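In our numbering, the protein residues as written are 1 to 298.
Beta carbons: idealized from backbone N, C-alpha and C, even for Gly.
Quick caveat, the model's predicted, so the values are computed rather than measured.
Accompanying notes for the structure given below.
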Amino acid sequence: MKINSLTPILTYSLGFWLFCSLPTLTPPGLALPLSKSPVIVTPINRNNLIQELAKAKIIYLGETHNQIQDHQAQLQLIKLLYQQNPKIVIALEMFQRPYQDVLDQYLQGKIPESQLIEQTQYHQRWGFPWENYAEILRFAQKNNLPVLAINTPTEVTRKVAKEGLESLTPSEQKYIPPISEINLNSPEYRQMLLEIYQQHHHGGKSNSSDFENFFRAQILWDETMADAIANYVKINPDSQVIVLVGQGHVIYNYGIPSRVQRRLEDINSIQRSILFQSPDQDPTSPNNSPISDFIWQH
1 MKINSLTPIL TYSLGFWLFC SLPTLTPPGL ALPLSKSPVI VTPINRNNLI
51 QELAKAKIIY LGETHNQIQD HQAQLQLIKL LYQQNPKIVI ALEMFQRPYQ
101 DVLDQYLQGK IPESQLIEQT QYHQRWGFPW ENYAEILRFA QKNNLPVLAI
151 NTPTEVTRKV AKEGLESLTP SEQKYIPPIS EINLNSPEYR QMLLEIYQQH
201 HHGGKSNSSD FENFFRAQIL WDETMADAIA NYVKINPDSQ VIVLVGQGHV
251 IYNYGIPSRV QRRLEDINSI QRSILFQSPD QDPTSPNNSP ISDFIWQH
């Protein structure tokens, strides 16, 4: 899978859509996948996948946000994993951290789905069709499963993309990790994002300071979600966390997984990643490195 072929997928999974309206805008400690190459998952061997995933503390289901088949597969996996271990929690990129209380009210049956959508500003802050995720949330509510809102507030991400991390006020830092914990030392991730960014902006031309701010916003996004996941695992060590997130935050473990591992280095926490693809997509990577632990083919 070349960078060119990754670009359409990552446009919908890294968050370039958040910044489209803006002006031109193995590293140390990297958590490598446990397998040497991704295992291709087909209907024939899916039972074996569940047995493998049952051993993991954290499971990433890397989606392309506008692909309904990905969301159907996510729900299928959540149901199968719940049968293996009822102590699962679902972590969602689709909801931002300030709205955890609203999400909890919905899960407890205190507000209807319509108010969940309205009070979390779902359509303004996420924008992909509600029905992509509705059945997953309904399943969580029915079975009393915790759901985590793990994403960075849009206002914060946009401000960093325009003005950099240093521009954030103390109040704007409330729902993100301390600035000192945001690790920008990710050269391979930087290079991957730069190539995609250059293709996405002005026919390959972009301002270096615009890219640097975009890169910092992307890292902040990853660090915020990793922080939410790791904090939950520390407090709830018996739970299994299933993370629904764009593929761009998971591939090669550059984004969230390596940052979760950094925070949980003293805890035995196996992480597994699954990417969803159509059978006609090439599962190989541009540098012959494992892009994920598993490739689920629809």
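The residues PRO38, SER273, LEU275, in chain order, have a CB closer than 6 Å to that of SER292 in the same chain once the five nearest residues on each side in sequence are set aside. The beta carbon of LYS87 is closer than 6 Å to those of ASP238, SER239 in its chain, skipping five residues each way along the sequence. For the pair ILE229 and ILE150, the CB atoms are nearer than the 8 Å cut-off. In this structure, ALA73 sits away from LEU244, with a CB-CB distance that is not shorter than 8 Å. The C-beta of SER258 has 16 or more other C-beta atoms within 10 Å across all chains shown, which makes the residue buried. Note that the C-beta distance between GLN67 and TYR106 is not below 8 Å. Assignment of beta-bridge partners to LEU275 by DSSP yields GLY62, ILE295.
Annotation note: the stretch 53-121 contains the following uninterrupted alpha helix (DSSP H) runs of length 4 or greater, listed N- to C-terminal: 68-84, 100-107, 113-119. Nearest to ARG158 by C-alpha distance, out of VAL147, GLN277, PRO146, GLU172, is GLU172. Cα atoms of SER114 and SER208: separation of roughly 43 Å, rounded to the nearest angstrom. In this structure, the straight-line span from the alpha carbon of TRP296 to that of MET192 is close to 23 Å. Inter-residue distance for TYR254 and PRO187 is about 10 Å (C-alpha atoms, whole angstroms). Leaving aside the five residues that flank PHE215 on each side, the residues in its chain whose CB is nearer than 7 Å to its CB run, in chain order, ARG190, LEU193. For ASN143, there is no enclosing alpha helix (DSSP H), as DSSP marks it with neither H nor E. Secondary-structure assignment with DSSP links ASN151 through a beta bridge to GLN96. Excluding five sequence positions before and after LEU145, the CB atoms of its chain that fall closer than 7 Å to its own CB belong to ILE88, VAL89, ILE90, given in chain order.
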